[in-house]
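In our numbering, the protein residues as written are 3 to 353. Here a beta-carbon is modelled for each residue, glycine too, at the ideal position from N, C-alpha and C. All figures in this text were calculated on a predicted structure; none of them were measured in a lab.
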Amino acid sequence: MYDINFYMKINDIKKKFESGEKLDPKLVLAKLEDARSNNPVIYNIETTNACNMRCKMCPRTTMMTRGVETIDPALFQKVVDQIEPHSFELWKKWEDFLEEEYGCKEDEMSENHFFLKIIPKVIQLHGYGDPLLDENMPKYVKLLSGKGIPSYFSCNPANIDVDKTIEMFRNGLDYIKYSIESVDDYSHKNIRGDASNFTESYNKIVRLLNTKMHYGYKTTVIITMLDLNRKTQNLEFDMLRKKFEGLDVYIYLKSEDQLWYRKDFHRTKSIHWSEFCKHPWMSMTVKSNGEIAMCMEDYNNEIILGDVRETSLKEIWNGDKYAKFRMDHIFGTKGIKCAEQCDMKTVKYYL
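What follows is the structure, given as structure tokens:
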């Protein structure tokens, strides 16, 4: 989830940034703080940072040095006890805003529709790991469903346990995303590592779709391919779409994020990565060890703003470390990781 009310309130500032209008940093800070809720909204809970893939494009493969940890179920419960879903009235206002400002329609299948219509309402249950390696996932899905909070996570289909996934369907899982880079097993392994595959993954997904249809489960199965700037990218995606043609899936080509460390930096088509970073004011990330990181992209937990094992989410969100972090984004504190190691522009960029 993210704070959709904040997103709507600061739309005028976003438009001024994009038009090139120069604004006073102190005035911008005041406006953002005025629009910010005192109650934190959780973007994602990293249930585990364990992963058996070796994806070429993932910082986890080449740059992550923190140890592997899986969140304690009692800690997960503690986090969920402190959050609530968006109200029906606020969500209706948000949908009207999306159609007016972005032309976002209900029946689209695209990365921008996914970010604007799905991500704002779900708790994302992944970070730098594969949730399918966490045996507690069915329990977490049921816990969120019981609070009326939609659940979602992205995973590697090679790790599918059919019975466990069906249990999550039964427990009310709203969205599950399978990342597939090729319909050829050799090419897939070349991108995501020897543990990955396409053929076996595809057969399991089809089995899950048949089970979903038979029992009428509500889970939306999402298939995505990363745009890795390959010469054969469009052909690869066309072949993937044909494999899932006629099946009940939400499928799209996703822009690659976090390209700052890559030599072949290529343009994103994502609204999320094209606009200024709102996360310091609109969302919070809980890592697998209970630390509150600057955002979901902090793979090494380098900017820690609190620890939910020791302090409430609300106290952390309104605390001194978060206040300083927001000022760093606006005044361009020298050496801040967000400005040097992220594709998304800080507020300072526009000032």
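With a CB to CB cut of under 6 Å and the five nearest residues on each side skipped, what residues in its chain are close to residue i?
i              : result
cysteine 57    : Thr63, Arg194
leucine 228    : Lys256, Glu258
proline 133    : Thr49, Leu127, Met139, Phe155, Cys157
proline 87     : Gly150, Ile151
serine 39      : Asp5
glutamate 238  : Ser184
aspartate 330  : Ile338
methionine 241 : Val185
cysteine 340   : Thr348
glycine 292    : Leu77, Asp309, Val310, Arg311
What is the C-beta distance between residue i and residue j, in whole angstroms, given that I count them as a contact (C-beta under 8 Å)?
i              : j             : result
proline 75     : lysine 33     : 40 Å between Cβ atoms; not a contact.
asparagine 158 : methionine 55 : 5 Å
threonine 270  : aspartate 345 : 7 Å
valine 124     : serine 153    : 6 Å
leucine 353    : lysine 16     : Actually they do not touch by this definition, with Cβ atoms about 13 Å apart.
lysine 220     : aspartate 176 : 7 Å
leucine 118    : leucine 100   : 5 Å
lysine 80      : valine 310    : 7 Å
Would residue i and residue j qualify as a contact pair, given that the criterion is a beta-carbon distance under 9 Å?
i                : j              : result
glutamate 113    : threonine 222  : no
leucine 135      : asparagine 173 : no
isoleucine 338   : valine 349     : no
phenylalanine 78 : isoleucine 47  : yes
methionine 215   : lysine 95      : no
leucine 145      : valine 82      : yes
valine 164       : leucine 211    : no
isoleucine 253   : methionine 59  : no
threonine 167    : isoleucine 182 : no
tyrosine 45      : serine 290     : no
leucine 315      : isoleucine 120 : no
isoleucine 12    : lysine 347     : no
tryptophan 283   : alanine 37     : yes
glutamate 304    : glutamate 20   : no
isoleucine 224   : tyrosine 188   : no
asparagine 51    : threonine 72   : yes
Kindly list the residues whose CB is nearer than 8 Å to the CB of residue i, restricted to its own chain and excluding five residues on each side of it in sequence; keep chain order.
i                 : result
leucine 307       : Ile294, Ala295, Met296, Ile318, Gly321, Lys323, Tyr324, Phe327
leucine 249       : Val208, Leu211
leucine 31        : Arg328, Met329, Ile332
glutamate 202     : Ala160
glutamate 35      : Trp283, Arg328
phenylalanine 260 : It should be noted that the sequence gives glutamine, not phenylalanine, for residue 260. Taken in chain order, the residues that qualify are Pro61, Glu299, Cys344, Asp345.
Could you spell out where the alpha helix (DSSP H) holding residue i opens and where it closes?
i              : result
aspartate 322  : 322-333
methionine 286 : Counting along the chain, methionine 286 falls outside any alpha helix (DSSP H), though it belongs to the beta strand (DSSP E) covering 286-288.
alanine 197    : Neither: alanine 197 is in no alpha helix (DSSP H) and is coded neither H nor E.
glycine 148    : 139-148
glutamate 342  : 339-342
leucine 315    : 315-319
proline 27     : 27-37
histidine 274  : 273-276
threonine 348  : That residue, threonine 348, is in no alpha helix (DSSP H); it is neither H nor E in DSSP.
leucine 242    : 235-245
asparagine 173 : Run containing asparagine 173: none; DSSP gives neither H nor E here.
isoleucine 15  : 13-21
aspartate 98   : 90-104
Starting from residue i, follow its DSSP beta bridges and name the residues at the other end.
i              : result
threonine 63   : Bridge partners of threonine 63: none, in fact.
asparagine 46  : Gln126, Thr287
leucine 255    : Met227
isoleucine 306 : Ala295
threonine 72   : Thr50
For the beta strand (DSSP E) holding residue i, just list the boundary residues, first then last.
i                 : result
phenylalanine 155 : 153-157
tyrosine 4        : Taken as a continuous stretch (DSSP letters only), tyrosine 4 belongs to no beta strand (DSSP E), as it is neither H nor E.
valine 223        : 222-229
serine 181        : 177-181
Excluding the 5 residues preceding and the 5 following residue i in the sequence, name in chain order all residues of the same chain whose CB lies nearer than 7 Å to its CB.
i             : result
tyrosine 379  : The structure shown does not extend to residue 379, since the chain spans only 3 to 353, so no value can be given for it.
proline 27    : Ile332, Phe333, Leu353
histidine 115 : Cys106
glutamine 235 : Asp229
lysine 206    : Pro159, Ile162, Val164
alanine 197   : Asn54, Met55, Ala160
threonine 213 : Ile168
Quick one: is the Cβ of residue i within less than 8 Å of any heavy atom of the ligand MG?
i         : result
valine 81 : Among the components modelled here there is no ligand, and therefore nothing to report on the ligand MG.
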